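A short write-up of the structure that comes next.
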Amino acid sequence: MSVLTDLHIGETATLVALNLPDSVQNYLMHMGFVPNAQVTVLRRAPAGDPTVYGIDGMQIALRRETAEAIRVRTSSDTSQVEIDAELEKIAAKTRSQSARQDQSEIHEFAGVTR
1 MSVLTDLHIG ETATLVALNL PDSVQNYLMH MGFVPNAQVT VLRRAPAGDP
51 TVYGIDGMQI ALRRETAEAI RVRTSSDTSQ VEIDAELEKI AAKTRSQSAR
101 QDQSEIHEFA GVTR
């Protein structure tokens, strides 16, 4: 999972969570920073702070310390989640096949037939 400051200019991500004080969180939520909203990095100040983000048709400048507390999911994060889920499916299938093989070998050793 990434935070808003990890994004490059022009990059878009899906907002996941705001880890901010309630007053700041409520303000940003009223401005469109809600879960599953798409946020795009539009431009940065010459010194790198603040950064202007586009969300729900608006442009909002946020300081680095605020943006660092906003968790987002990028397309690469999504791809990794999909990869991890597929690997878990494969591992579960392998464990299941291995358990059946072990059971079969135990039955064979004990002289049990099916």
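Residue numbers for the sequence shown follow full-length UniProt numbering, beginning at 1 and rising by one. Cβ atoms here follow ideal geometry from the backbone N, Cα and C, with glycine treated the same way. Keep in mind the model is a prediction, meaning the values are calculated, not measured.
Can you tell me which of the three DSSP states residue i falls into?
| i | result |
| --- | --- |
| residue 63 | coil |
| residue 34 | coil |
| residue 28 | helix |
| residue 9 | coil |
Whole angstroms is fine: what's the gap from residue i's alpha carbon to residue j's?
| i | j | result |
| --- | --- | --- |
| residue 41 | residue 88 | 33 Å |
| residue 92 | residue 24 | 43 Å |
| residue 20 | residue 63 | 13 Å |
| residue 33 | residue 15 | 7 Å |
| residue 45 | residue 51 | 6 Å |
| residue 26 | residue 94 | 47 Å |
| residue 57 | residue 72 | 18 Å |
Would you kindly check if the distance between the Cβ of residue j and the Cβ of residue i is under 8 Å?
| i | j | result |
| --- | --- | --- |
| residue 55 | residue 37 | yes |
| residue 39 | residue 74 | no |
| residue 29 | residue 60 | no |
| residue 43 | residue 9 | yes |
| residue 35 | residue 47 | no |
Just curious, the beta strand (DSSP E) that residue i is in, first and last residue?
| i | result |
| --- | --- |
| residue 70 | 70–73 |
| residue 13 | 12–18 |
| residue 54 | 51–55 |
I think residue i touches residue j, with their Cβ atoms under 8 Å apart; what is that distance to the nearest whole Å?
| i | j | result |
| --- | --- | --- |
| residue 70 | residue 4 | 4 Å |
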